[in-house]
Structure formats: structure tokens, C-alpha cells
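Comments concern the structure below.
2 protein chains.
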Amino acid sequence: MKIGVFDSGVGGLTVLKALREELPSVDFFYLGDTARVPYGGKSKETIQRYSLECAEFLLSFGIELLVVACNTASAYALELLRESLTIPVIGVVQPGVEQALKVSKTKRIGVIGTRGTVQSAVYQNLLKEQGAQPVAKACPLFVPLVEEGIINGKIAQSVVEYYLEELKGKVDTLILACTHYPLLKETIREYMGDVEIVDSAQAVAQEVKKLAKNEGNGTLRLFFTDNSPNLSHLIKLILGEEQSYEIIPVLCKL
Amino acid sequence: MKIGVFDSGVGGLTVLKALREELPSVDFFYLGDTARVPYGGKSKETIQRYSLECAEFLLSFGIELLVVACNTASAYALELLRESLTIPVIGVVQPGVEQALKVSKTKRIGVIGTRGTVQSAVYQNLLKEQGAQPVAKACPLFVPLVEEGIINGKIAQSVVEYYLEELKGKVDTLILACTHYPLLKETIREYMGDVEIVDSAQAVAQEVKKLAKNEGNGTLRLFFTDNSPNLSHLIKLILGEEQSYEIIPVLCKL
Chain A
1 MKIGVFDSGV
11 GGLTVLKALR
21 EELPSVDFFY
31 LGDTARVPYG
41 GKSKETIQRY
51 SLECAEFLLS
61 FGIELLVVAC
71 NTASAYALEL
81 LRESLTIPVI
91 GVVQPGVEQA
101 LKVSKTKRIG
111 VIGTRGTVQS
121 AVYQNLLKEQ
131 GAQPVAKACP
141 LFVPLVEEGI
151 INGKIAQSVV
161 EYYLEELKGK
171 VDTLILACTH
181 YPLLKETIRE
191 YMGDVEIVDS
201 AQAVAQEVKK
211 LAKNEGNGTL
221 RLFFTDNSPN
231 LSHLIKLILG
241 EEQSYEIIPV
251 LCKL
Chain B
1 MKIGVFDSGV
11 GGLTVLKALR
21 EELPSVDFFY
31 LGDTARVPYG
41 GKSKETIQRY
51 SLECAEFLLS
61 FGIELLVVAC
71 NTASAYALEL
81 LRESLTIPVI
91 GVVQPGVEQA
101 LKVSKTKRIG
111 VIGTRGTVQS
121 AVYQNLLKEQ
131 GAQPVAKACP
141 LFVPLVEEGI
151 INGKIAQSVV
161 EYYLEELKGK
171 VDTLILACTH
181 YPLLKETIRE
191 YMGDVEIVDS
201 AQAVAQEVKK
211 LAKNEGNGTL
221 RLFFTDNSPN
231 LSHLIKLILG
241 EEQSYEIIPV
251 LCKL
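So the protein sequences, as listed, match chains A and B. Anchor point for the first sequence: position 248 equals 248 in this note's numbering, and the numbering is continuous, going up by one each time. Anchor point for the second sequence: position 234 equals 234 in this note's numbering, and the numbering is continuous, going up by one each time.
Shown next, in the form of C-alpha cells:
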């Protein structure tokens, strides 16, 4: 079976890693849109257009299922992708919400993500429909912190406190609604104390496992739209090993 | 006279502001590539392609001079733009370097910018050619900090210290080689103590003034490739007043 995964950049590799652990025989095609990263601060229209372009590229390999690993793209473009494509499309929002509802006792659930994800209110609406009380907070500095490799120490702690102060003590569960955030998990846990932390990568992998067959040759092809200077370093940091990758430039017209 | 200015996003508005103060009668066309911002962590090839696309868009308005307000684009694409276009092209690097050489007594000059700008070594090479001793440092978190509006206080101070510790006491002049950094100037000055800070926006405006005629209707048209959620806020923050703007989507093919 062939599965496509796309993300705005390298963060979605956390989702890919979880998927490969659950479905080691599947053939995976990953596209990271590093030429246009980040999506988090861009408009709905732009994110929808970029998402369709990424999906079309992966469809050319004959994928039978598409995973939208990017939270911002899942929040803004999932419905559009489902309408436009004939294969199943799985986002990261629904699985994360279900996991959070399962582990939360008080149903007071925190959601942290990019500005785009939080402003879309997709997480908050789904949680409210299920009777939970969401508290959402955009943390725009977390992605650049992780990409800088600053995941613990004084600066990481100050930034975590800056954003999470208003959630502390008010939620029993926290959804990491951005693929970069799991790398800050320990610093977040230290500050937040006794909360359940939901990392959607794991939740998505479980959801995909229900729909997919663990068949194929277990191959992996990685594509990126830009050969950014720290790309191979970040691939190794997230996947735990070096992987070769191909560059597919985006051709644009203004 | 018609002058075009482009930048990866809103930061170049600091250059535009300085230009309009020096040349109030000129008709300005500004393009901010907010759909693909930031350029700072992307590859040379991608930045060159984006820069050519931005230049072509502005040329369609009949501009007679082009200002590359983005330091990363100036570092990677200025030569290519000069070869490709028939109008004068002014970048931010040369004017910043000249200003620094003028004010520095010890000729030990610090350069801070994005990863792309620093890795290109364009500033360092120019300074060395003139007999100065440059010390360069990439500060990738400064742009997201400014875009978050965190320009003073505990977090800004920690991040400034984190990056500038190795420059403190070792340079008498510091070039802010990124259009976003002037907004952090006070926090940088507090930490660095007695150094001359060179803001290239001012230096570029002086350079352009030598080549341009202050003629025209003093109009301004602002274009952006994405209508990002905090765009109008940032325009007001930098230009000091509200300005209407037009959105020119980038059409891409992978």
C-alpha cells in the first residue's frame, strides 16, 4: 500500500515516524514544503492553495491514502481536500481531539498551536461539540525555537511560561496541535506539572492503522521543495537516522 | 520617478519609510512576499528564483530603480538581478558596510542577520576587503520575536543575550543586517552597551538619494503575496499609519 504524507516542512516527520512504526511494510511518500514554510501565520486561502498543490504532487505517485501532517493545513484545508480527492484523507485534528477526550477527566482541555490553527477554531469547535471546555492559545515562537534546536534551558523555559501561564492549573489535558511541539514536550511538562499531554502524531498513526493495510515493500521517499541549510540535520534529529531526500522546486508566477 | 522596493515580508517597510522621508515626491511600489516569508532559512537557489519573480512583478509598473530591501535577497541575488535587469539595482549590504566603516574606530565590526545572510558571507567579505575585522552571528529567533511584537522585556533580553554574548566587548560597531532588527534596537543597545549601531534602512536611503530624482506624485502602492492575519497591524506598527494594500497571490506548480 502507498501512503502520502505532507507537511509545511520537517515537523511532519514526527507523524511519519509514528506511521512507519505502526505500518512498517507500507510504502511512504513524504513531501515537506520547505520553500514556503511556515504555514502557521499565512491566510486560509494561501494554505488551501498550497495544500492542494502538495496533494496533487503526491497523487502522481499513485498514493491510496493521504495524511495531512500539518495542523494548520488540517485546520484550513481538510474539507476541501476531501471534496477534491477520491482517496481517503486523514488530518491530525480529529485523532488528537479523540485522544484528548479519552484521557481527560475534567474535560477542561488546552490546545496549543500556531496562530492559524488556533484562529481557525477547528479544535475548539470539535471539543465543544463533544461537551468539553477548550482553552486555546497560539504559541508562534515554539516553531522557530524548535527549528533553532532550543528545546530546553532558560530561553525555552521563559517562552513556555510566557505562553502557557494562562493555561496552567486550568486544564488537565493539553493537546500539542503542532507537529513541532513534541520536541518541547519535556519543558512543557516541567512547567505545566500534572497534565496529560496529547501528541497527535501517535493518535494519527492509530487512526491510519484502522484504514490501511500493512502491505508493501516498506520503502520511503522524502521530497522537499527547498534544500534549506539545516534540512539534513533536522531529518536526522526527528527520524533518528540519516535519510536521502529529493528536492522538487516550486515554480511560481506572481 | 518610479521606484520599486521588495522584501520577503513586512520588514522592508522600514527601508520604504526611510526612502519616502528622503524622497517624498517619488512614486513607490512595494512588494512584500508574505506568502513565502521568511527567506532567511532557505537556500540560495530558491531565494534567487523568488527575487527574480518579485523584480519582474515590480518591473511591470515601469519602475526605473529597484531597491532590494531584504538582506538575505541582497546577499544571494543582487548580482543576478543586476545581470538580468537593465535598471539600477540597490541592495542593503553595500550601504550598511560603508556606514559601518565610517563610524567604526577599531574596525572590529559585528554583523547580525539571518542564517542565510550570515552564511553567504557577503557582509564579511566586503568588510575584510576594506581592512576591517568582521565578527558575524546569525540570530534566527529575532525575526519571529519582532513579528510577535516581543521587542523588550525578559524574553527579548534573554534571546539578545543568547546570541550577542560572543560579540559583547569585542566590536565597537554593530550592523543590523536584517530589516526586522531595528525594532529590537533598544534591547540590543541596552545589552551591548557602548557600540555604534548601523541600521541599513537609513544608509540605503542615502545611497538611493544619490541616484534618484525627487520627482513624481509621491504616491505609494503596497502589494503583498498573502493577506496574513497580522499584516495590517504590522504595516501600521512600522509605517506609523494605516495604509491600504493589494494582494497578489503567487501561483505555483510543484
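Built from N, CA and C at the ideal position, the CB exists for glycine as well.
Does B/E148 pass the burial test, meaning 16 or more other C-beta atoms within 10 Å, or should it be called exposed?
In the second sequence, counting from the first residue as 1, residue 148 of chain B sits at position 148. Buried is the call here.
Alpha carbon of A/Q243 to alpha carbon of A/T34, nearest angstrom:
Working through the first sequence from its first residue, we reach residue 243 of chain A at position 243. Working through the first sequence from its first residue, we reach residue 34 of chain A at position 34. Distance between the alpha carbons of A/Q243 and A/T34 is about 16 Å.
So is A/N217 buried or exposed if we call it buried at 16+ other beta carbons inside 10 Å?
Taking the first sequence and counting its residues from 1, one reaches residue 217 of chain A at position 217. That one is exposed.
Can you tell me the Cα-Cα spacing of A/V103 and A/E196, whole angstroms?
Taking the first sequence and counting its residues from 1, one reaches residue 103 of chain A at position 103. Taking the first sequence and counting its residues from 1, one reaches residue 196 of chain A at position 196. Each residue's alpha carbon lies about 7 Å from the other.
A/S228 and B/S43 - do their beta-carbons sit closer together than 8 Å?
On the second sequence, residue 43 of chain B is found 43 positions in, with the first residue counted as 1. On the first sequence, residue 228 of chain A is found 228 positions in, with the first residue counted as 1. Contact flag set, yes.
Whose C-alpha, out of B/F223, B/A132 and B/A121, is nearest the C-alpha of B/T106?
As a first step, residue 106 of chain B is located in the second sequence; it is residue number 106 there, counting from the start. Answer by Cα proximity: B/A132.
For A/M192, which residues of its own chain have a beta-carbon under 8 Å away from its beta-carbon, when the five flanking residues on both sides are left out?
Counting from one through the first sequence, the residue named residue 192 of chain A turns up at place 192. The residues are L164, L167, K168 and L174.
Quick check on the DSSP output: the alpha helix (DSSP H) that includes A/F57 runs from which residue to which?
The count along the first sequence starts at 1 and reaches residue 57 of chain A at position 57. First-last of the alpha helix (DSSP H) with A/F57: K44 to L59.
Terminal residues of the continuous alpha helix (DSSP H) containing B/G32?
As a working mapping, residue 32 of chain B is identified with position 32 in the second sequence. Taken as a continuous stretch (DSSP letters only), B/G32 belongs to no alpha helix (DSSP H), being part of the beta strand (DSSP E) at D27 to G32.
Proximity below 8 Å, CB of A/V111 to CB of A/P134
Taking the first residue of the first sequence as position 1, residue 111 of chain A is located at position 111. Taking the first residue of the first sequence as position 1, residue 134 of chain A is located at position 134. Taking 8 Å as the Cβ cut-off, A/V111 and A/P134 qualify as a contacting pair.
Can you round the beta-carbon distance between A/I47 and A/A73 to whole angstroms, since I take them to be within the 8 Å contact cut?
Along the first sequence, read from residue 1 onward, the residue named residue 47 of chain A stands at position 47. Along the first sequence, read from residue 1 onward, the residue named residue 73 of chain A stands at position 73. The pair is a contact, with the Cβ atoms about 6 Å apart (cut-off 8 Å).
What residues are listed by DSSP as bridge partners for B/C252?
Here residue 252 of chain B is taken as the residue at index 252 of the second sequence, counted from 1. According to DSSP, which records beta bridges pairwise, B/C252 is partnered with A/C252.
For B/V160 and B/F28, I'd like the C-alpha separation in whole angstroms.
Walking along the second sequence from the start, residue 160 of chain B turns up at place 160. Walking along the second sequence from the start, residue 28 of chain B turns up at place 28. Roughly 34 Å separates the two Cα atoms.
Per DSSP, what kind of secondary structure is A/R108 in: helix, strand or coil?
Locating residue 108 of chain A in the first sequence gives position 108, where the first residue counts as 1. In this structure, A/R108 counts as strand in the three-state DSSP scheme.
Taking 8 Å as the threshold, find out whether the segment 235-251 of chain A comes into contact with the segment 172-186 of chain B through three or more Cβ pairs.
no
Let me check one thing: in DSSP terms, what residues is A/T173 bridge-paired to?
Counted from its first residue, the first sequence places residue 173 of chain A at position 173. Per DSSP, A/I109 and A/E196.
Cβ of A/F61 within 8 Å of Cβ of B/L254?
As a first step, residue 61 of chain A must be located in the first sequence, where it is residue number 61. As a first step, residue 254 of chain B must be located in the second sequence, where it is residue number 254. Not a contact, by the Cβ cut-off of 8 Å.
Ends of the beta strand (DSSP E) at B/L184?
Sequence index remark: in the second sequence, residue 184 of chain B carries index 184 (1-based). Counting along the chain, B/L184 falls outside any beta strand (DSSP E), and DSSP gives it neither H nor E.
Please identify the residue among B/G11, B/L19, B/V10 and B/G12 whose C-alpha is closest to the C-alpha of B/T219.
Translated into positions along the second sequence, residue 219 of chain B becomes position 219. Looking at the Cα atoms, B/L19 is the closest of the given residues.
Contact residues within the segment 48-61 of chain A, judged by C-beta distance below 8 Å to chain B
R49, Y50, E53, C54, E56 and F57
Determine whether the beta carbon atoms of A/P144 and B/L101 lie at a separation below 8 Å.
Position 144 of the first sequence, counted from the first residue, corresponds to residue 144 of chain A. Position 101 of the second sequence, counted from the first residue, corresponds to residue 101 of chain B. The answer is no: Cβ separation not under 8 Å.
At the level of alpha carbons, what is the spacing between B/L66 and B/T117?
As a position in the second sequence, residue 66 of chain B is number 66, starting the count at 1. As a position in the second sequence, residue 117 of chain B is number 117, starting the count at 1. C-alpha separation (whole angstroms): 20 Å.
Below-8 Å beta-carbon distance, B/Y162 vs any chain A residue:
Counting from one through the second sequence, the residue named residue 162 of chain B turns up at place 162. It does: the Cβ of B/Y162 has a partner Cβ on chain A nearer than 8 Å.
When you compare the CB of A/A35 with every CB in chain B, is at least one pair closer than 8 Å?
Indexing the first sequence from 1 puts residue 35 of chain A at position 35. Yes, A/A35 lies at the interface with chain B (some Cβ there is under 8 Å from its Cβ).
With C-beta atoms as the reference, is B/S158 less than 8 Å away from A/I155?
Position 158 of the second sequence, counted from the first residue, corresponds to residue 158 of chain B. Position 155 of the first sequence, counted from the first residue, corresponds to residue 155 of chain A. It is a contact, given that the beta carbons lie within the stated cut-off.
Using 8 Å as the threshold, is the C-beta distance between B/S84 and B/L52 below it?
If you number the second sequence from 1, residue 84 of chain B lands on position 84. If you number the second sequence from 1, residue 52 of chain B lands on position 52. Result yes, Cβ atoms of B/S84 and B/L52 sit closer than 8 Å.
Given a threshold of 16 other Cβ atoms within 10 Å of its Cβ, counted over all protein chains shown, does A/L211 qualify as buried or as exposed?
For this step, residue 211 of chain A is matched to residue 211 along the first sequence. Exposed: under 16 other Cβ atoms inside 10 Å.
Thinking just about the alpha-carbon of each residue, which of A/V10, A/K213 and A/C54 is nearest to the one in A/S25?
Looking up residue 25 of chain A in the first sequence gives position 25. The shortest C-alpha separation from A/S25 is found at A/K213.
Spatially closest choice to B/I87 from B/M1, B/T179 and B/K17, by CA coordinates
Counting from one through the second sequence, the residue named residue 87 of chain B turns up at place 87. Closest option to B/I87, Cα to Cα, is B/M1.
Apply the 10 Å Cβ neighbour rule to B/F194 and answer buried if 16 or more other Cβ atoms are within range, or exposed otherwise.
Here the question's residue 194 of chain B lines up with position 194 in the second sequence. One point to set straight first is that residue 194 of chain B is Asp, not Phe, in the sequence displayed. Counting Cβ neighbours within 10 Å, B/D194 comes out exposed, since fewer than 16 surround it.
For B/V250, which residues in chain A fall below 8 Å Cβ to Cβ?
By 1-based counting over the second sequence, the position of residue 250 of chain B is 250. Within 8 Å Cβ-Cβ: C252, K253 and L254.
Ignore the nearest five residues each way along the sequence and tell me which others in B/N230's own chain have a CB closer than 8 Å to its CB.
Numbered from its first residue, the second sequence carries residue 230 of chain B at position 230. Taken in chain order, the residues that qualify are E147.
Pick helix, strand or coil for A/I238, following the three-state DSSP scheme.
Taking the first residue of the first sequence as 1, we reach residue 238 of chain A at position 238. Three-state DSSP puts A/I238 in a helix.
Less than 8 Å between the CB atoms is what I'm expecting for B/I235 and B/K17, so what's the real figure, rounded?
To locate residue 235 of chain B, count along the second sequence from 1; it is residue 235. To locate residue 17 of chain B, count along the second sequence from 1; it is residue 17. B/I235 to B/K17, Cβ: 11 Å. No contact.
Locate the beta strand (DSSP E) running through A/Q133, then write down its first and last residues.
If you number the first sequence from 1, residue 133 of chain A lands on position 133. Looking at the DSSP string, the run of the beta strand (DSSP E) that includes A/Q133 is Q133 to A138.
Members of the segment 114-144 of chain B near chain A, C-beta cut-off 7 Å
R115, Q119, P140, L141 and P144
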